[in-house]
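Asks: After the C-alpha cells below, expect a handful of questions from me.
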Amino acid sequence: MTPDPDLSEADEAALMARLQAEIRERTLPNGDWLNGPMTVAYVCSGCRQIQRRLVVDWVGGRGGFGIPLTALHRVEGRKDHPGPYDDLLSPQPTREESSVKFVEVLCEACHLPVQAELQDATRRIDAWWPSYEEVLARATEGERLIRERAPTRALAVADAFTADDLTRILSEQERPELASPQRTVKRRAGLLRRMLQQHAPKIERHILSRVGVNKLWDAAGFAQALKASRQQAEDLGLTRAVRISRRVPCPALNEDGFIQLNRAARLRTPEALKDWPSMYEVDTVSPYRLLAEARSSIDPPYIGEAEVRAREVLQRLGAEMFFS
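What follows is the structure, encoded as C-alpha cells:
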C-alpha cells in the first residue's frame, strides 16, 4: 500500500488495521473469499412489488469472465439502460443497495388467477421429467465413451490409410499436378503437403466414417430413450412450451450463517427469513427443445492428432505414387 502524505502515522496505522481486519473477516477457513455486500430482491412481475430483500456476501462471488457478482449487478453501472425494476429502488441507495440482483416471482395474489393453469402444466412436466433425465444420462455417458474411445480408434484408421484413400481425397485436377515432371520432387512434395492441409476437413470426415462413432457407445439405446421421451411429451400435451410454477422455499440458514441461493452466500440479514412470504418462481419449459438440445450435445469427437497422422501417412503414400 502506498503511504498517503495527508495521513498521520496514527491514521495510516488505523487504516491498515481496518483493512487487515476486513481481509480476515472476508477470508474463510478454506481460503474462499467473500464478495459483497449485495441485495437479492424478490420482485413480483405482476404487481411489481418487492416481496423480500436479502443482503448477502457471496462465497467466491464471481460470475462470467471472473467478474465479481457485485460488479455484474451494480445499479450505477446500468443507469443508462435501467433494468425493468430499477425504478423500485431508493434514489439514494445504501452500500447494500448499490448492487442488486432481482429475482422475478409471482406473489400469492398474482399467482392465484393462473394457479390452476400453471399447476396443471407443472404436474405434466413432472410426469415427463424422468424420461428426459434418462435421455440426459445416456447422452452424458455417450459423450464420455466417445471422448474416451474415438482418439485411439481414429489413429488406427489413419495408420491404415492406403493409396486408394489418397486417390479419393485428391481431386482429378490435383493428381496430374503432382505427377508433372516440370516440377522438382521437392516442389511437388511441398505442393502435396499444402493440398493435404487444405483437405484436412475431408480427411477428418474420411476418418470418422471409418471410426463408426455410433459403434463407440449405445447410440441405439439413446435413440430409443429419445423417441420414448418425445412420445411421452406428445401424450401429455407438451408439444409446445408451457409455463410452470414452483413455490420459492425459505432459504435454510446453517449454524455458520450461510444460505444457498444457487451458490453459497453469507446472510447479513437473518431477520429477513422470518415470516417468509408465499411466492412462486415461474419458468417456461419446452420438452421438444430440451430433447433437441440433448441430441445435439453429442458432438463429433476431436481427432486432431489422427488427422495430422493421416496427412503424414498420405504424404508418404503420395511420394511413392507421384515422385518415384
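According to our numbering, the stretch in the sequence shown is residues -11 to 312, in order.
The beta-carbon is built from N, C-alpha and C at its ideal position, and this holds for glycine as well.
These numbers come from a predicted model, not from an experiment.
1) Taking 8 Å as the threshold (C-beta atoms), are residue 56 and residue 43 in contact?
2) Three-state secondary structure (DSSP) at residue 269?
3) Measure the alpha-carbon distance for residue 310 versus residue 297 and round it to whole angstroms.
4) Just to check my reading of the structure: residue 266 and residue 96 have Cβ atoms closer than 8 Å, yes? What is that Cβ distance to the nearest angstrom?
5) In this structure, how does DSSP classify residue 217 when only helix, strand and coil are distinguished?
6) Any idea what DSSP makes of residue 299, helix, strand or coil?
7) Determine the direct distance from the alpha carbon of residue 121 to that of residue 245, and round the result to whole angstroms.
8) How is residue 81 classed by DSSP in three states: helix, strand or coil?
9) Nearest by alpha-carbon distance to residue 251: which of 72, 147, 46, 211 is it?
10) To the nearest angstrom, how far is the alpha carbon of residue 30 from that of residue 235?
11) Find out if the Cβ-Cβ distance for the pair residue 28, residue 241 is shorter than 8 Å.
12) For residue 69 versus residue 89, is the C-beta spacing smaller than 8 Å?
13) Residue 216 and residue 273 - do their beta-carbons sit closer together than 8 Å?
14) Just to confirm the assignment: which complete alpha helix (DSSP H) runs, minimum length 4, are found wholly within the region 169 to 205?
15) Are residue 113 and residue 157 touching if we call contact CB-CB under 8 Å?
16) Between the region 147 to 154 and the region 275 to 290, do three or more beta carbon pairs fall short of 8 Å?
17) In whole angstroms, give me the CA-to-CA distance for residue 106 and residue 231.
18) Tell me the DSSP secondary structure of residue 289 in three-state form.
19) Helix, strand or coil, according to DSSP, for residue 231 in the structure here?
20) Taking just the CA atoms, how far does residue 202 sit from residue 38?
21) For a test of the three-state rule: what should DSSP assign to residue 62, helix, strand or coil?
22) Drop a sphere of 10 angstroms on the beta-carbon of residue 226, count the other beta-carbons inside from all chains shown, and report buried for 16 or more, exposed for fewer.
Replies: Per the coordinate set shown:
1) It is not a contact, given that the beta carbons lie outside the stated cut-off.
2) strand
3) C-alpha separation (whole angstroms): 20 Å.
4) 4 Å
5) helix
6) helix
7) 34 Å
8) coil
9) 46
10) Distance between the alpha carbons of residue 30 and residue 235: 13 Å.
11) no
12) Judged by their CB atoms, residue 69 and residue 89 are not nearer to each other than the 8 Å cut-off.
13) no
14) Assignment of alpha helix (DSSP H) within the region 169 to 205, counting only whole runs of 4 or more residues, yields 173 to 186, 188 to 199 in chain order.
15) no
16) In short, these stretches do not touch, since the Cβ pair count stays below three.
17) 6 Å
18) Residue 289: coil per DSSP, three-state reduction.
19) In the three-state scheme derived from DSSP, where H, G and I count as helix and E and B as strand, residue 231 is classed as strand.
20) Distance between the alpha carbons of residue 38 and residue 202 is about 52 Å.
21) strand
22) buried
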